[in-house]
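Undergrad: In our numbering, the protein residues as written are 7 to 314. I have a structure I would like to understand better, so I am pasting it below and will then ask my questions one at a time.
Pasting the structure below:
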C-alpha cells in the first residue's frame, strides 16, 4: 500500500487488547495519528501490557484525558482528520460527537450479543459459559449494540480462570482484527446483525462481589473463584474477623459428609464446603496477602466455631 493511500486512524486503547490491536493496525499499514489512553490507576494491580509504552516505542502521539467528553479532546480528534476511529478496551464510552468524526469500531471481549457491557470475560466464567471470544463491531452511543464486523471464538475449559481466558481473548482480538482489516480499510467488510434480543448486558464488578456464599452449589462457588482468581481481587470469606482469599482451588470429588457449609480442614487439607454437599479443594489460601496453612486455619476455625 503506497503512502498516499494509507488510511489514518485515531485509536482509543488500553490493556493488552489495546496493545495487540494497535500492533495489528501498524503492521497493516494504518497511519495511527493519535492514541487516547488512560493513566494507570495506582490502586489497581497492573498485570497487563502498556499502551503508553508502545506509543513511546513507536513514536506515536498519545494523550490521557480524564474522560472522553471534553471539547479539547473532540478538537484534537477532529484535527487528526482520521478515516477511522477504533476503540480497543478503552474504558470510557465515546459520546455521539466523537462517533460522528469518522466510522468507529470497537473490539469487545465476548461473542456478541452475549455478555455485552463491562468485564465480559469475568461474567462469562462466572456464568459457566463454555466459550468466549472477541467481536469487532460498529460503535453506537448504546454500548456493544452496533453491527458485527467479525468475531473469533475461544473455548472456556472447565478449570480455566478468567485470567487464562483473557489471554485467549487477547489473541482472538488480534486474529479478528488482522483477518478483517484489509476489507475494513477498502470498504468491503461485511456487517452482521447484532441481535440485542439475545444475550444480556452486564455492569462492572467490584472486589466486594467476590464474597462467597457457601450455601450455594459447589459449581457456582467454583465459577466465582475462577472468575475473580488472581490477578483479580479473588473470592473471599470471613472467619472470626479474618478475611481469607482463595488463590487456587479445584472441585473435589470428595463428599462433604456432615460438614457444615464454609471453610474446613480435613486430613490437613483445606476445603470449602458448599450447600449441595460438594467441596472445593483449596490448594492456596491467603489472609492479608500472606499464605495460610491448614494448621493455621484449623486454629482459627477452632476459635470461632460456626462462624465460617
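Where is the CB? At the ideal position from N, CA and C, for every residue including glycine. The structure displayed is predicted, hence computed values, not measured ones.
(1) For the structure I just gave you, are there three or more beta carbon pairs, one from the region 193 to 208 and one from the region 161 to 168, closer than 8 Å?
(2) For residue 235, I'd like the list of residues in its chain whose CB is within less than 6 Å of its CB, leaving aside the five on either flank, ordered along the chain.
(3) Measure the Cβ-Cβ separation of residue 80 and residue 108 and say whether it is below 9 Å.
(4) What does the alpha-carbon distance come out to for the pair residue 78 and residue 126?
(5) Can you check whether the CB of residue 279 is closer than 9 Å to the CB of residue 287?
(6) Where does residue 10 sit, in a helix, a strand or coil, going by DSSP?
(7) Could you check if residue 289 is buried or exposed, using at least 16 other CB atoms within 10 Å of its CB as the buried criterion?
(8) What residues are listed by DSSP as bridge partners for residue 248?
(9) So residue 150 packs on residue 123, CB below 8 Å; how close in whole Å?
(10) Here's a check: name, in chain order, each residue in its chain whose Cβ is nearer than 8 Å to the Cβ of residue 110, leaving out the five neighbours to either side.
(11) Do you know offhand how far residue 314's Cα is from residue 195's?
(12) Grouping DSSP H, G and I as helix and E and B as strand, with all else coil, what is residue 229?
(13) If the criterion is Cβ atoms closer than 9 Å, does the pair residue 169 and residue 238 meet it?
(14) Spatial neighbours of residue 7 within its chain, please: C-beta separation below 7 Å, excluding the five flanking residues on both sides.
(15) If you drop the 5 nearest sequence neighbours on each side, which residues of the same chain put their C-beta closer than 8 Å to that of residue 186?
(16) Excluding the 5 residues preceding and the 5 following residue 12 in the sequence, name in chain order all residues of the same chain whose CB lies nearer than 8 Å to its CB.
(17) Between which residues of its own chain and residue 46 is the CB-CB distance below 6 Å, once the five residues before and five after are set aside?
(18) Thinking C-beta only, is residue 60 closer than 9 Å to residue 69?
(19) Here's the rule: buried if 16 or more other CB atoms are within 10 angstroms of the residue's CB, otherwise exposed. What is residue 224?
TA: So, from the data block:
(1) no
(2) 167
(3) no
(4) 31 Å
(5) no
(6) Low local confidence applies: a pLDDT of 47 at residue 10 is under 50, so the model's placement there is unreliable, with the coordinate-based value given in what follows. Residue state, collapsed to three classes: helix.
(7) exposed
(8) 245
(9) 6 Å
(10) 90, 91, 92, 93, 100, 104, 144 and 145
(11) Model confidence at residue 314 stands at a pLDDT of 45, short of 50, so the residue's coordinates are unreliable; what they give is reported in the following sentence. Their Cα atoms are separated by approximately 56 Å.
(12) helix
(13) yes
(14) In this predicted model, residue 7 has a pLDDT of only 42, less than 50, meaning its place in the structure is not dependable; the value taken from the coordinates is given anyway. Taken in chain order, the residues that qualify are 35.
(15) 142, 155, 156 and 195
(16) 35, 36 and 37
(17) 52
(18) no
(19) buried
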